[in-house]
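A quick write-up on the structure given underneath.
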Amino acid sequence: MDDINLHYRFLNWRRRIREIRDVRAVRYRERLKRMLRDGDILRYHGNSDEVGCFVAARPLSRRNRYFEVTIVDTGVRGMIAVGLVPQLYKLDHQPGWLPHSVAFHADDGKLYNGNTVGQQFGPKCCRGDRIGCGVSLDSDDGQLTVFFTKNGKEVGSVEIPASPEAFYPAVGMHSLGEEVLLDLNAEWGVEEDDGQMIVDSHEEDWSRLHDVKVTGTLLEYMGKGKSIVDVGLAQARRPLNTRFHYYELEITDPGEKCYIALGLARRDYPKNRHPGWSRGSIAYHADDGKLFQGSGVGGAFGPRCFEGDIMGCGIMFPRDYSLDAGDDVDDWDFDVIPKPSEVQNDLYANNEEEEEEEEEGEDLEGRKVTVFFTRNGKVVGRRDVALPVGGLYPTIGMMSTGEKVKVDLHPLSG
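All the letters of the sequence shown, read from the start, carry residue numbers 1 to 414 under UniProt numbering.
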């Protein structure tokens, strides 16, 4: 009898778990209209006569109180809006137009606070700009302070009546060609200024530095620059994840040959191999615009890059990649990084220090992600790859005298 009761209790428990998951699936479901989402990319998909709107699946909370959008393409008119709305906001209206919504509009720099008439608020925004929106933790009772940022600097804030409904991140678009990169897990924090200038060496950001000197965010090639084995390599301490999924470098000095490569590599990548040349890596090379993916032979990919150009690399993780953190929105913990599949394919098989000619590895299928590259805020292209055990680490290579780059490992984090 006890075994029978235990069996029925188990069945009831399983049924209850399914019910909870079904409720969560309905409660936390993003909404969008006249937009297409491809990983973290949102694109307008209308005829320019109608508004397209995206509303995130989860509202802002004490733990996750800020998000950002990077303008990849302004399209015809650049009518991109970033703000907060109720969960069931009408998707044929720009954020900020209807009551209980507020938004900063890129095309005119105006703030729309529950009204179709905006107020002058900040500068206009264009391609490559990052627009952030967040809520203050020290808001007074009955009022909520919403602030907006541009490229990591606060533009301004506005107090709105606190609503019994939560506020959800929202993005609006209204013209052909508009495209943005969405970061719902961005962080915002202002360090206290004690009146003294503190220079951070940023060396702790890098786990491996070979023939590369770090000065703040500047990386400088210190190698001989005489042959293909004179690679200077810098690899970040942490792999890209769902919170920090993108990084950039600016070419401040192309040196003699501009042999600069930006990409991702496994943790034990050989120090004397340019990113992209060996298995477990993929990289966009500035000197010839080619993409190298686990091979010393590159393929045509994008334009060449020169002094002043900004190259970027990121990962579009599958939408189900994040762990379900539970039902309480204030208890989310986005610092949890899901463990990738331990199955690898040929591109990401572990191996020792490779010579120029490498043996073929066993072709095993792993968890696929999409790696994308940008140049000056515009997506150049993307490739599907499989994650190695431990993830993919931002990795930069240089190989000719005088090369210098300025690196931002968290350009989308406020």
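Every residue, glycine too, gets a C-beta built ideally from N, C-alpha and C.
Straight across, the Cα-Cα distance linking tyrosine 112 with glycine 276 is about 46 Å. Inclusion of isoleucine 251 and alanine 286 in the CB contact set at 8 Å is warranted, their separation being smaller than that value.
From the listed residues Arg65, Leu60, Gly255 and Ala81, the smallest Cα separation to leucine 42 is found for Ala81.
For the 8 Å CB-CB criterion, tyrosine 247 and leucine 409 form a contact. Under the three-state reduction of DSSP output, aspartate 309 falls in the coil class, being neither helix nor strand.
DSSP places glutamate 204 in the helix class (H, G or I) of the three-state scheme. Beta-carbon to beta-carbon, phenylalanine 373 and glycine 294 are separated by about 16 Å, too far to satisfy the 8 Å threshold.
Beta-bridge partners assigned by DSSP to isoleucine 131: Val69 and Lys150. The beta-carbon distance between phenylalanine 306 and cysteine 258, rounded to whole angstroms, is 7 Å. This is short enough to meet the 8 Å contact definition. As far as DSSP is concerned, lysine 124 takes part in no beta bridge.
Shown here for glycine 314: same chain residues with a beta carbon closer than 6 Å to its own, the five before and five after excluded, namely His245, Tyr246 and Phe372 in chain order. A direct Cα-Cα distance of roughly 11 Å separates isoleucine 71 from aspartate 107. The straight-line gap separating the alpha-carbon atoms of serine 278 and lysine 213 is approximately 23 Å.
Exposed is the label assigned to arginine 238, since fewer than 16 other Cβ atoms lie within 10 Å of its Cβ. When the beta-carbon positions are compared, glycine 114 and leucine 91 stay at least 8 Å from each other. Cβ-Cβ separation between lysine 153 and isoleucine 131: approximately 11 Å, too far for a contact (criterion under 8 Å). Just so you know, the alpha carbons of threonine 395 and cysteine 125 end up roughly 30 Å apart. Secondary structure note for glutamate 178: its beta strand (DSSP E) is the uninterrupted segment 178–183. Assignment of beta strand (DSSP E) within the stretch 36–87, counting only whole runs of 3 or more residues, yields 41–44, 52–55, 66–74 and 81–85 in chain order.
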